[in-house]
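In this note's numbering, the protein residues as written are 2 to 223.
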């Protein structure tokens, strides 16, 4: 992959990049679907729901029945805020990766998850100290789209897009980054496949947080 300009800052996705939230999200989705009267088969793999905006996932899970989406979101959040938010784990190597990156770069969380939940997760797992700022969506779905969210970050932070990278595990992260002139880095330890991230034009793919840590100084502007 081609050479990049030295970076000033890195935007990092949360779900599937910093933490593995599958248990909490999948259990909360199942609770929500039971609540709206559309229970899911127990062996159903819900990995595809990690990353995209939640309302879009519920629209698909509810077979396009739009009137069920908001009740499903409300039920999901009821369980997630109380229990699911803690059914989560930090990926091995992430804390060390953040410490190394934060020594030379500004770090910002950029997640489709509502900011209020992102803040709680970061504080619970003692990760908040590594970040200059945390940006997420609003509870009404505003800025759940990564392209819109990254544009919002660029409007409020003193970053030049050409000195910025987005590290995430799904195509939405890559598309949002490229749509704003930001370098797109793929995290292969999350929920997106190499094919997904390559098709979405990631300029670099990292196998694990250790590989990011090793290359931190080569990415830095200092």
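Built from N, CA and C at the ideal position, the CB exists for glycine as well.
Cα-Cα, which of the options is closest to residue i?
i, options, result
"residue 68", "117, 34, 50", "34"
"residue 176", "146, 161, 165", "146"
"residue 37", "75, 26, 206", "75"
"residue 31", "73, 18, 179, 120", "73"
"residue 90", "185, 26, 53", "26"
"residue 83", "118, 98, 63", "118"
"residue 21", "105, 54, 129, 122", "122"
"residue 53", "41, 148, 128", "148"
"residue 92", "126, 195, 41, 65", "126"
"residue 86", "144, 41, 120, 71", "120"
Could you tell me the distance, in whole angstroms, from the CA atom of residue i to the CA atom of residue j?
i, j, result
"residue 187", "residue 12", "12 Å"
"residue 238", "residue 45", "The displayed coordinates of the chain run from 2 to 223. Any statement about residue 238 would go beyond what the structure contains."
"residue 50", "residue 220", "31 Å"
"residue 19", "residue 39", "31 Å"
"residue 191", "residue 63", "25 Å"
"residue 4", "residue 206", "Low confidence applies to residue 4: its pLDDT is 47, below 50, so where it sits in the model is not reliable, and the reading given next is rough at best. Each residue's Cα considered, the two are about 14 Å apart."
"residue 128", "residue 174", "20 Å"
"residue 130", "residue 100", "9 Å"
"residue 79", "residue 114", "15 Å"
"residue 17", "residue 47", "13 Å"
"residue 66", "residue 60", "7 Å"
"residue 157", "residue 71", "30 Å"
"residue 199", "residue 178", "14 Å"
Short of 7 Å in beta carbon distance, which residues of its chain neighbour residue i, apart from the five on each side in sequence? Order them along the chain.
i, result
"residue 111", "12, 13, 14, 136, 150, 151, 154, 167"
"residue 98", "210, 213, 214"
"residue 195", "189, 206"
"residue 2", "Because residue 2 sits at a pLDDT of 37, beneath the cut-off of 50, its placement in the model cannot be relied upon, and the following sentence gives the value as read from the coordinates. These residues qualify, in order along the chain: 204, 205."
"residue 144", "138, 150, 153"
Can you give me the Cβ contacts of residue i inside the same chain, cut-off strictly under 8 Å, excluding the 5 residues immediately before and after it?
i, result
"residue 116", "135, 136, 137, 138, 139"
"residue 197", "171, 172"
"residue 106", "8, 9, 10, 11, 217, 220, 221, 222"
Is the beta carbon of residue i less than 7 Å from the beta carbon of residue j?
i, j, result
"residue 171", "residue 193", "yes"
"residue 108", "residue 81", "no"
"residue 184", "residue 203", "no"
"residue 169", "residue 56", "no"
"residue 180", "residue 162", "no"
"residue 124", "residue 24", "no"
"residue 77", "residue 43", "no"
Residues in its own chain within less than 6 Å of residue i by CB, not counting five upstream and five downstream?
i, result
"residue 95", "19, 210"
"residue 58", "50"
"residue 201", "172, 175, 176"
"residue 103", "131"
I'd like to know whether the C-beta of residue i is nearer than 7 Å to at least one C-beta of chain C.
i, result
"residue 106", "Among the chains of the structure shown, chain C does not appear; only one protein chain is present."
Query - Every unbroken alpha helix (DSSP H) within the region 177-216, with a cutoff of 4 residues, ordered by chain - result: 195-200
Query raised in the report: Which ranges does the alpha helix (DSSP H) cover as unbroken runs of at least 4 residues, wholly within the region 74-127, from first to last along the chain?
Result: 95-103, 116-125
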